[in-house]
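Written below as structure tokens is the structure these notes are about.
In the UniProt record's numbering, the protein residues as written are 1 to 53.
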């Protein structure tokens, strides 16, 4: 009746569907049940992976 979804990465390892995130303003985990608005800080990186703003 119920099917489970299995996510695998390129190496064949099983991964979780839910990736916990942390609020940058108050340093609190944003849970899967938290439906409030939140702000994402988008990082800009150069080709070497260094933060540029």
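Beta carbons: idealized from backbone N, C-alpha and C, even for Gly.
> residue 16 to residue 7, Cα distance in whole Å?
Replying inline: So the alpha carbons of these two residues sit roughly 7 angstroms apart.
> Does DSSP classify residue 6 as helix, strand or coil?
Replying inline: Under the three-state reduction of DSSP, residue 6 is assigned to coil, being neither helix nor strand.
> Distance, Cα to Cα, residue 36 vs residue 43?
Replying inline: If you draw a straight line from the Cα of residue 36 to the Cα of residue 43, it comes to about 22 angstroms.
>> Could you compute how far the alpha carbon of residue 21 sits from the alpha carbon of residue 9?
In response: The alpha-carbon of residue 21 is positioned some 20 angstroms away from that of residue 9.
> According to DSSP, what are the bridge partners of residue 21?
Replying inline: DSSP lists 30 as the bridge partner or partners of residue 21.
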